[in-house]
Structure formats: structure tokens, C-alpha cells
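Quick notes on the structure that follows.
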Amino acid sequence: MAKRIPKSRQAISDAFMRLMSEKEFESITINQIAAEANVNRGTVYLHFDDKYDLREQCISAEVNQLLRHCMSGDDLVHLPSKTALLHTFEYLEQHASFYSIMLKSKGSMVFRNQMETMFRKSLIEHLNSIHLDQDRNRDITVKFLISASVGVLEWWIIRSMPYPPSVMVEQFWNLLNPVVEG
């Protein structure tokens, strides 16, 4: 039975994402998710409190997977290198379906907030480690850089990735480097 739990959970998550690609989040029901996953309604509730919890857990799992794939544990407290950025853009390209669905849905603010939270900790720790120009307000700098970073990623994904990852990394690096070098 223990082997069926992860399979059921994955089937539910996969079904949810298929439904998200076809419908708006608010119109999706637990019954539809269960039917799409070929499980009963109770199985969905065994794994998730409700569809909001399911969405939150899908987002968290994907963002954590992105972090694990693209940055080593040692690099999580510092801004990524060009190589880590390239891995990030390549990962996003490989998982474009998930990110596109999340960013195009009406509930995209939930996903966007998760992405911003992911960047915030690394950015704050990096800015603490450098001597930020005294003319720059740290809070404003953090908000600007996070909004810009997430905005560029969002734009790239929603526009069906009009430039290859290597071009995105070069442009991204050139835009951010003068601001975060201190």
C-alpha cells in the first residue's frame, strides 16, 4: 500500500495540472480532479486539504525542485553564477508547461509570490554581504531587483520563450550585475 501513496499523489497532481491547462483554477472542483486522476474524492482529501492546498503544494514542490536542480546547497545564500542562471533558464525551458500554466492562470499571483519569496532570501543575504552604495535604500533595491527578476522570467515564459536560455542569461546578467555588485 505504501507504494500506491506516492503514485496516487502524483496522479492527483498531474490531473490537477491537466485541468489547469484547460480551465481557470476557480472552476476546477475536487470531483473533477479525482475523476481526471482516476481516484475517488476521499483519496484527494487524504493527500490535500482542498484545491488551494493542492495548488500550493504543486507550486512549492516545483519551486523546490527548481532550486535543487539549479543551485547547489552552498550557493543558495548567494546570487547564482552565470552557470547556475543558465541551468535555471534551461530548467524553466524544460518545464515550460508547468510555468506557463501557472503564470497564465487567474491565480498567477500565488505563483508569482512564491517565485518572489524564492529570490528574496538569497538577494537579502547577498546585499548584506556587500557594501551597498549608501545612496541606495536596501528595501527599495530588494523590491526592485525581485520585481525585475520575476518580471523578466514571467515575460519570457508567457511569450513562449522567444530567446534561447543563453541569450536570456547574458541579458539578465548584464542588467543585474551593475546593481548587485555593490
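My numbering applies: residue 180 is where the sequence shown begins, and numbers increase by one. No residue lacks a Cβ here, since even glycine has one placed at the ideal position from N, Cα and C. Keep in mind that this is a model prediction, so the values were computed, not measured.
Coarse secondary structure for residue i, derived from DSSP in three states
| i | result |
| --- | --- |
| residue 231 | helix |
| residue 224 | helix |
| residue 202 | coil |
| residue 219 | coil |
| residue 344 | helix |
| residue 260 | coil |
8 Å Cβ cutoff met for residue i and residue j
| i | j | result |
| --- | --- | --- |
| residue 294 | residue 242 | yes |
| residue 340 | residue 275 | yes |
| residue 187 | residue 222 | yes |
| residue 302 | residue 332 | no |
| residue 265 | residue 344 | yes |
| residue 260 | residue 298 | no |
| residue 347 | residue 277 | no |
Enclosing alpha helix (DSSP H) for residue i [first to last residue]
| i | result |
| --- | --- |
| residue 280 | 275 to 283 |
| residue 210 | 209 to 216 |
| residue 303 | 287 to 308 |
Alpha carbon of residue i to alpha carbon of residue j, nearest angstrom
| i | j | result |
| --- | --- | --- |
| residue 351 | residue 237 | 27 Å |
| residue 330 | residue 210 | 34 Å |
| residue 200 | residue 315 | 42 Å |
| residue 231 | residue 267 | 27 Å |
| residue 305 | residue 212 | 41 Å |
| residue 283 | residue 334 | 11 Å |
| residue 193 | residue 217 | 11 Å |
| residue 248 | residue 356 | 23 Å |
| residue 219 | residue 281 | 25 Å |
| residue 245 | residue 271 | 8 Å |
| residue 354 | residue 319 | 17 Å |
| residue 321 | residue 292 | 14 Å |
| residue 337 | residue 229 | 27 Å |
| residue 273 | residue 307 | 33 Å |
Practice item. Starting from the N-terminal side, write out each stretch of the alpha helix (DSSP H) that is 4 residues or longer and does not extend beyond the region 312 to 339. Key: Within the region 312 to 339, the complete alpha helix (DSSP H) runs of at least 4 residues fall at 317 to 337.
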